[in-house]
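K.L.:
A single structure is presented below for examination.
In our numbering, the protein residues as written are 1414 to 1937.
Below, the structure is given as structure tokens:
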């Protein structure tokens, strides 16, 4: 009674009891072996005709019913001597047409310990591992004196690893010539596997007394992960040799001679580099000791940005009072609150409590498809050694709250033009126009009017008209009159820009008007 459980029979499919070498087939054989042991008949005889496999009949009323159909001899033991006759002792089991005799299994050999071997390959001096679709290796056992075709010294052998699963795990491929230790599952010589990998005199260890404080994972191509445990000089290095060298260095940074060359972290490459984050990037030089705090901790930075925005908002309000176009503060505030704060949009936030410097050996470009805001709590200085161009597509507003504006050219002319509209020059107090070494010329194509306190002089093509509500005094050494005269002053031709800025009109509105067959006025 009960259940017989036999582990690790050598079959691949469950099958049925008739399918050879299936699980059900082996179960049937084992079951028949148990049936063979249910009833066993032992006897003695002097007949030399009895032999294993012979069926004999058992007679007698006292014979057990199980043997009355006959028995099958399964084994005989014979003996004879000069002083006694031939004797035979036999064992038999009940004859059955449903099952046959199943002898006891011969114990298989047991392999104890491990055997040394080396990984092989079909390619001479192979720089890559020779493995099959299941990641298995072929090995050549050191004691094997036969000659084999390279890469066919054994069947495929699995490797034991510290971590494995369904298409995941840890697999560091072994190259031909690597020494391995071959062990056997349950000591079964038909089930070898690679239990371990060893260094030897021809394949020396990369961690020795020379660098025993380091933990190193290095591949044959010198891809490397190094963890140095020297107290006070701990560091981690991840590197690859492709394209020169690309590295991530953390902690106590050293050169090839183990001399310190920095500390902290370094990410460098001799090729190209890219940093990409779909949801946003936060770069900060603010302290966060021992990694205590949230990764996107930026409350102080947002407070700084909001504080500067408040100052610029007040300045913009004063500009509005002074009839100057204000700053677009709504866009700036929306950027901070709805995008930058906690990186709720795909933005980049950079901050350093003591300053940020951006420099280029040649070109530096700062561009925004929509708005560009530059705020400073104190001073903003822009210095250009040669030329500077400021181009504005619509309007330029400059507002100074307190100390005034100075526009000075030490050399070269100063040209201020309103090419297609009026120009205003207003001052609450005096306006001074001075030429220290030459003349002052004021020209107008149609008319010039100078008015002071109600008195005026009007000059146009029809003549000169002075007028005053008070006295008119002329002081001169000589006063003369001559025939009429005039002086034509050439007027500059201003260019007319034909390019249309798409931001000056609503393209969607225009398309909708055309679609709805509404009126479209050309040139409006």
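Backbone N, C-alpha and C fix where the C-beta goes; we use that ideal spot for every residue, glycine too.
Rounded to whole angstroms, what is the Cα-Cα separation between residue 1807 and residue 1905?
P.N.:
Residue mapping note: residue 1807 aligns to position 394 of the chain shown, counting from 1. Residue mapping note: residue 1905 aligns to position 492 of the chain shown, counting from 1. One C-alpha to the other measures close to 23 Å.
K.L.:
Can you tell which of 1600, 1612 and 1599 has its C-alpha closest to the C-alpha of residue 1592?
P.N.:
For this step, residue 1592 is matched to residue 179 along the chain shown. Minimum Cα distance to residue 1592 is reached at 1612.
K.L.:
Determine, using beta carbons only, whether residue 1813 comes closer than 8 Å to chain C.
P.N.:
Within the model displayed, chain C is absent; a lone protein chain is all it includes.
K.L.:
On the premise that residue 1589 lies in contact with residue 1608, defined as a C-beta separation below 8 Å, what is that separation, rounded to the nearest angstrom?
P.N.:
Translated into positions along the chain shown, residue 1608 becomes position 195. Translated into positions along the chain shown, residue 1589 becomes position 176. About 19 Å separates the two Cβ atoms, so there is no contact after all.
K.L.:
In angstroms with no decimal places, state the Cα-to-Cα distance between residue 1474 and residue 1604.
P.N.:
Mapped onto the chain shown, residue 1474 falls at position 61. Mapped onto the chain shown, residue 1604 falls at position 191. So the alpha carbons of these two residues sit roughly 54 Å apart.
K.L.:
Where do the N-terminal and C-terminal ends of the beta strand (DSSP E) with residue 1665 fall, by residue?
P.N.:
Counting from one through the chain shown, the residue named residue 1665 turns up at place 252. Start and end: 1659–1667.
K.L.:
Can you grab the Cα-Cα spacing for the pair residue 1836 / residue 1829, in whole Å?
P.N.:
Reading the chain shown from its first residue, position 423 is the one you call residue 1836. Reading the chain shown from its first residue, position 416 is the one you call residue 1829. Answer to the nearest angstrom: the Cα atoms are 9 Å apart.
K.L.:
Mind pulling the beta strand (DSSP E) runs of 3 or more residues that sit fully within the stretch 1859–1885?
P.N.:
1860–1865, 1868–1873 and 1876–1880
K.L.:
According to DSSP, is residue 1439 part of a helix, a strand, or is it coil?
P.N.:
Counted from its first residue, the chain shown places residue 1439 at position 26. Residue 1439 falls in the helix class under three-state DSSP.
K.L.:
With distances taken Cα to Cα, identify the nearest neighbour of residue 1659 among 1458, 1651 and 1665.
P.N.:
Your numbering for residue 1659 matches position 246 in the chain shown. Here the closest residue by C-alpha is 1651.
K.L.:
Do residue 1606 and residue 1570 have their CB atoms nearer than 8 Å?
P.N.:
Here residue 1606 refers to the residue found at position 193 when the chain shown is read from its first residue. Here residue 1570 refers to the residue found at position 157 when the chain shown is read from its first residue. Yes, the pair counts as a contact, with Cβ atoms nearer than the cut-off.
K.L.:
Output yes or no for whether 8 Å exceeds the beta carbon distance between residue 1479 and residue 1452.
P.N.:
Here residue 1479 refers to the residue found at position 66 when the chain shown is read from its first residue. Here residue 1452 refers to the residue found at position 39 when the chain shown is read from its first residue. Contact flag set, yes.
K.L.:
Note down the Cα distance separating residue 1936 from residue 1911, rounded to an integer number of angstroms.
P.N.:
As a working mapping, residue 1936 is identified with position 523 in the chain shown. As a working mapping, residue 1911 is identified with position 498 in the chain shown. Reliability fails at residue 1936, whose pLDDT of 45 lies under 50, so the model's placement of it is uncertain and no value is given.
K.L.:
Return the bridge partner residues of residue 1480 from the DSSP annotation.
P.N.:
The sequence position of residue 1480 within the chain shown is 67, counting from 1. DSSP output for residue 1480 lists no bridge partner at all.
K.L.:
Between 1772, 1827, 1729 and 1886, which lies nearest to residue 1811 when the distance is taken from Cα to Cα?
P.N.:
On the chain shown, residue 1811 is found 398 positions in, with the first residue counted as 1. When each option's Cα is compared against that of residue 1811, the closest is 1729.
K.L.:
Between the Cα of residue 1817 and those of 1826, 1840, 1754 and 1834, spot the shortest distance and give me the residue it belongs to.
P.N.:
Here residue 1817 refers to the residue found at position 404 of the chain shown. Nearest C-alpha to residue 1817: 1840.
K.L.:
So which of 1435, 1897, 1476 and 1564 has the shortest CA-CA distance to residue 1536?
P.N.:
Counted from its first residue, the chain shown places residue 1536 at position 123. Minimum Cα distance to residue 1536 is reached at 1564.
K.L.:
For residue 1484 versus residue 1520, is the C-beta spacing smaller than 8 Å?
P.N.:
The count along the chain shown starts at 1 and reaches residue 1484 at position 71. The count along the chain shown starts at 1 and reaches residue 1520 at position 107. Their beta carbons are not under 8 Å apart, which means residue 1484 does not touch residue 1520 by this criterion.
K.L.:
I'd like the list of long-range same chain contacts for residue 1882, defined as Cβ closer than 8 Å, with 5 residues on each side in sequence excluded.
P.N.:
As a first step, residue 1882 must be located in the chain shown, where it is residue number 469. For residue 1882, where only same-chain residues beyond five positions count, the Cβ hits under 8 Å are 1867 and 1868.
K.L.:
Report the three-state DSSP secondary structure of residue 1815 (helix, strand or coil).
P.N.:
Along the chain shown, read from residue 1 onward, the residue named residue 1815 stands at position 402. In this structure, residue 1815 counts as coil in the three-state DSSP scheme.
K.L.:
Report the start-end ranges of each beta strand (DSSP E) in the stretch 1528–1609 that is 3 residues or longer and not cut off at the edges.
P.N.:
For the stretch 1528–1609, whole beta strand (DSSP E) runs of length 3 or above, ordered along the chain, are 1528–1532, 1552–1554 and 1592–1597.
K.L.:
So residue 1649 packs on residue 1670, CB below 8 Å; how close in whole Å?
P.N.:
For the purposes of this step, residue 1649 is taken as residue 236 along the chain shown, with counting starting at 1. For the purposes of this step, residue 1670 is taken as residue 257 along the chain shown, with counting starting at 1. Actually they do not touch by this definition, with Cβ atoms about 19 Å apart.
K.L.:
Give every residue of the same chain whose Cβ lies closer than 7 Å to the Cβ of residue 1873, excluding the five residues on either side of it in the sequence, and list them in chain order.
P.N.:
By 1-based counting over the chain shown, the position of residue 1873 is 460. These residues qualify, in order along the chain: 1859 and 1860.
K.L.:
Would you grab the beta carbon distance between residue 1784 and residue 1741 for me? Rounded to a whole angstrom, and I think it's under 8 Å.
P.N.:
Position 371 of the chain shown, counting from 1, holds the residue named residue 1784. Position 328 of the chain shown, counting from 1, holds the residue named residue 1741. About 6 Å separates the CB atoms of residue 1784 and residue 1741; that is less than 8 Å, so the two are in contact.
K.L.:
Using only the alpha-carbon positions, how far apart do residue 1457 and residue 1427 sit?
P.N.:
Walking along the chain shown from the start, residue 1457 turns up at place 44. Walking along the chain shown from the start, residue 1427 turns up at place 14. Rounded to the nearest angstrom, the two C-alpha atoms are 43 Å apart.
K.L.:
Closest to residue 1435 by CA distance: which of 1422, 1444 and 1755 is it?
P.N.:
If you number the chain shown from 1, residue 1435 lands on position 22. The candidate whose alpha carbon is nearest that of residue 1435 is 1422.
K.L.:
Can you tell me whether residue 1449 is buried or exposed? The criterion is at least 16 other CB atoms within 10 Å of its CB, across all chains shown.
P.N.:
Working through the chain shown from its first residue, we reach residue 1449 at position 36. Answer is buried; the Cβ neighbour count reaches 16.
K.L.:
In chain order, what residues of the same chain have a beta carbon less than 6 Å from the beta carbon of residue 1576, not counting five sequence neighbours either side?
P.N.:
For the purposes of this step, residue 1576 is taken as residue 163 along the chain shown, with counting starting at 1. The residues are 1582 and 1583.
K.L.:
Secondary structure at residue 1894, three-state DSSP: helix, strand or coil?
P.N.:
For the purposes of this step, residue 1894 is taken as residue 481 along the chain shown, with counting starting at 1. Per DSSP, reduced to three states, the secondary structure at residue 1894 is coil, with no helix or strand assignment.
K.L.:
Can you name, in chain order, every residue of its own chain whose Cβ lies under 6 Å from the Cβ of residue 1694, other than the five neighbours on each side?
P.N.:
Reading the chain shown from its first residue, position 281 is the one you call residue 1694. Only 1761 meet the Cβ criterion.
K.L.:
Taking only runs that begin and end inside the stretch 1757–1837, name each unbroken beta strand (DSSP E) of 3 or more residues, in chain order.
P.N.:
1761–1764
K.L.:
What number of angstroms, rounded off, separates the C-alpha of residue 1667 from the C-alpha of residue 1765?
P.N.:
For the purposes of this step, residue 1667 is taken as residue 254 along the chain shown, with counting starting at 1. For the purposes of this step, residue 1765 is taken as residue 352 along the chain shown, with counting starting at 1. One C-alpha to the other measures close to 27 Å.
K.L.:
Where does residue 1754 land, buried or exposed, given buried means 16+ other C-beta within 10 angstroms?
P.N.:
Position 341 of the chain shown, counting from 1, holds the residue named residue 1754. It counts as buried.
K.L.:
Tell me whether residue 1498 sits in a helix, a strand or coil according to DSSP, three-state version.
P.N.:
Taking the chain shown and counting its residues from 1, the one referred to as residue 1498 is at position 85. Strand.
K.L.:
Would you grab the beta carbon distance between residue 1503 and residue 1489 for me? Rounded to a whole angstrom, and I think it's under 8 Å.
P.N.:
On the chain shown, residue 1503 is found 90 positions in, with the first residue counted as 1. On the chain shown, residue 1489 is found 76 positions in, with the first residue counted as 1. About 5 Å separates the two Cβ atoms, so the contact holds.
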